[in-house]
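Colleague: With the UniProt record's numbering as the guide, the letters of the sequence shown map in order to residues 1 to 116.
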Amino acid sequence: YRTWEVLRARRRGRKLREFRMKDFGVPFGYMNLVIVKRERLQGEEGTKVTSKFLKASSEAADWIHANINEAAQSLCDGNFHSDLSNVDFNLESLSALQSLYTEGAGAGAGAGAGAG
(Lines of atoms letter the chains of each structure in order from A and count residues from 1; the text may use other names and numbers.)
(Lines give C-alpha, C1' and ligand atoms only; values in the text may rest on other atoms or scores of the structure.)
Protein backbone atom coordinates (compact mmCIF):
# COMPACT_ATOMS: atom_id res chain seq x y z
CA TYR A 1 0.00 0.00 0.00
CA ARG A 2 1.61 3.20 -1.16
CA THR A 3 1.14 6.36 0.85
CA TRP A 4 3.15 9.48 1.43
CA GLU A 5 4.16 7.99 4.80
CA VAL A 6 5.86 5.12 2.95
CA LEU A 7 7.67 7.60 0.73
CA ARG A 8 8.76 9.57 3.81
CA ALA A 9 10.13 6.42 5.46
CA ARG A 10 12.09 5.49 2.34
CA ARG A 11 13.53 9.01 2.08
CA ARG A 12 14.69 8.64 5.68
CA GLY A 13 16.57 5.47 4.77
CA ARG A 14 14.15 2.91 6.17
CA LYS A 15 13.96 -0.29 4.18
CA LEU A 16 10.42 -1.40 3.53
CA ARG A 17 8.84 -4.33 1.77
CA GLU A 18 5.83 -3.38 -0.28
CA PHE A 19 2.93 -5.76 -0.63
CA ARG A 20 0.61 -4.68 -3.41
CA MET A 21 -2.97 -5.66 -2.76
CA LYS A 22 -3.64 -6.49 -6.41
CA ASP A 23 -0.88 -9.15 -6.23
CA PHE A 24 -3.12 -10.98 -3.76
CA GLY A 25 -6.34 -10.56 -5.73
CA VAL A 26 -7.57 -7.56 -3.73
CA PRO A 27 -8.54 -4.52 -5.80
CA PHE A 28 -7.23 -1.16 -4.64
CA GLY A 29 -9.76 0.44 -2.36
CA TYR A 30 -8.17 2.48 0.40
CA MET A 31 -8.51 5.85 -1.29
CA ASN A 32 -12.06 5.12 -2.38
CA LEU A 33 -13.42 4.33 1.07
CA VAL A 34 -16.06 6.68 2.44
CA ILE A 35 -17.71 6.01 5.79
CA VAL A 36 -20.99 7.71 6.50
CA LYS A 37 -23.76 7.37 9.06
CA ARG A 38 -26.84 5.62 7.69
CA GLU A 39 -29.01 8.60 8.69
CA ARG A 40 -27.04 10.83 6.28
CA LEU A 41 -28.04 8.64 3.34
CA GLN A 42 -31.75 8.59 4.03
CA GLY A 43 -34.34 10.50 2.09
CA GLU A 44 -34.13 12.62 -1.01
CA GLU A 45 -31.78 15.16 0.60
CA GLY A 46 -29.38 12.42 1.73
CA THR A 47 -29.32 10.96 -1.77
CA LYS A 48 -28.71 14.39 -3.31
CA VAL A 49 -25.88 15.31 -0.91
CA THR A 50 -24.21 11.91 -1.27
CA SER A 51 -24.40 12.07 -5.05
CA LYS A 52 -22.90 15.57 -5.10
CA PHE A 53 -20.10 14.52 -2.75
CA LEU A 54 -19.17 11.48 -4.86
CA LYS A 55 -19.29 13.52 -8.07
CA ALA A 56 -17.07 16.23 -6.55
CA SER A 57 -14.63 13.59 -5.25
CA SER A 58 -14.42 11.99 -8.69
CA GLU A 59 -13.91 15.36 -10.37
CA ALA A 60 -11.18 16.24 -7.85
CA ALA A 61 -9.33 12.98 -8.53
CA ASP A 62 -9.61 13.56 -12.27
CA TRP A 63 -8.29 17.13 -11.82
CA ILE A 64 -5.31 15.85 -9.82
CA HIS A 65 -4.60 13.30 -12.55
CA ALA A 66 -4.69 16.01 -15.24
CA ASN A 67 -2.86 18.68 -13.19
CA ILE A 68 -0.39 16.73 -11.07
CA ASN A 69 2.20 19.53 -10.81
CA GLU A 70 -0.38 22.07 -9.67
CA ALA A 71 -1.83 19.53 -7.23
CA ALA A 72 1.63 18.91 -5.75
CA GLN A 73 2.11 22.66 -5.27
CA SER A 74 -1.34 23.07 -3.71
CA LEU A 75 -0.40 20.55 -1.01
CA CYS A 76 2.54 22.82 -0.14
CA ASP A 77 0.32 25.88 -0.12
CA GLY A 78 -2.24 24.23 2.14
CA ASN A 79 0.24 23.55 4.97
CA PHE A 80 -1.51 20.26 5.71
CA HIS A 81 1.57 18.56 7.18
CA SER A 82 5.24 19.45 7.44
CA ASP A 83 6.20 16.58 5.11
CA LEU A 84 3.88 18.02 2.47
CA SER A 85 5.77 21.32 2.30
CA ASN A 86 8.18 19.92 -0.33
CA VAL A 87 6.76 20.05 -3.86
CA ASP A 88 9.15 17.33 -5.13
CA PHE A 89 8.02 15.02 -2.33
CA ASN A 90 4.37 15.72 -3.18
CA LEU A 91 4.93 15.14 -6.88
CA GLU A 92 6.68 11.82 -6.22
CA SER A 93 3.90 10.74 -3.86
CA LEU A 94 1.08 11.77 -6.21
CA SER A 95 2.82 10.07 -9.13
CA ALA A 96 3.10 6.82 -7.16
CA LEU A 97 -0.59 6.94 -6.26
CA GLN A 98 -1.80 8.18 -9.63
CA SER A 99 -1.74 4.79 -11.35
CA LEU A 100 -3.71 3.25 -8.49
CA TYR A 101 -6.56 5.73 -8.93
CA THR A 102 -6.96 4.95 -12.61
CA GLU A 103 -5.73 1.35 -12.85
CA GLY A 104 -7.91 -0.45 -15.36
CA ALA A 105 -10.14 2.56 -15.91
CA GLY A 106 -10.27 5.49 -18.24
CA ALA A 107 -11.25 9.10 -17.77
CA GLY A 108 -13.79 9.66 -15.05
CA ALA A 109 -12.19 6.99 -12.90
CA GLY A 110 -11.61 9.31 -9.99
CA ALA A 111 -12.51 8.82 -6.37
CA GLY A 112 -16.21 8.52 -7.12
CA ALA A 113 -15.85 5.94 -9.87
CA GLY A 114 -17.59 2.74 -9.09
CA ALA A 115 -19.93 4.41 -6.64
CA GLY A 116 -23.47 3.29 -7.24
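Where a beta carbon is used, it is the ideal one built from N, C-alpha and C, also for glycine.
Whole-angstrom Cβ separation of Phe-89 and Leu-16, contact assumed at under 8 Å?
Modeller: About 16 Å separates the two Cβ atoms, so there is no contact after all.
Colleague: Output the residue ranges of the alpha helix (DSSP H) runs that lie fully inside the UniProt domain "SsuA/THI5-like" (1–70) and measure 4 residues or longer, sorted by chain position.
Modeller: Listed in chain order, the complete alpha helix (DSSP H) runs (minimum 4 residues) inside the UniProt domain "SsuA/THI5-like" (1–70) are 4–11, 38–41 and 43–66.
Colleague: Per DSSP, what kind of secondary structure is Gln-73 in: helix, strand or coil?
Modeller: Of the three classes helix, strand and coil, the one that applies to Gln-73 here is helix, per DSSP.
Colleague: Could you pull out every residue in the same chain whose Cβ sits closer than 8 Å to the Cβ of Ser-85, ignoring the five residues on either side in sequence?
Modeller: Correct list, in chain order: Cys-76 and Asn-79.
Colleague: Buried or exposed for Ser-82, going by 16 or more other Cβ atoms inside 10 Å?
Modeller: Label assigned to Ser-82: exposed.
Colleague: Which residues in the same chain have their Cβ closer than 8 Å to the Cβ of Leu-41, if we skip the five residues on either side of it in sequence?
Modeller: Once the five neighbours on either side are set aside, the close Cβ partners of Leu-41 are Thr-47 and Thr-50.
Colleague: Spatial neighbours of Arg-10 within its chain, please: CB distance less than 8 Å, with the 5 preceding and 5 following residues excluded, ordered by chain position.
Modeller: So the qualifying residues of the chain are Leu-16.
Colleague: Could you tell me if Ala-61 is buried or exposed, where buried requires 16 or more neighbouring beta carbons within 10 angstroms of its beta carbon?
Modeller: Flag for Ala-61 reads buried.
Colleague: Rounded to whole angstroms, what's the CA-CA distance from Val-34 to Arg-12? Just pull it up for me.
Modeller: If I take the Cα positions, the gap works out to 31 Å.
Colleague: Quick one: grab the DSSP three-state call for Phe-80.
Modeller: Note: Phe-80 maps to coil in three-state DSSP.
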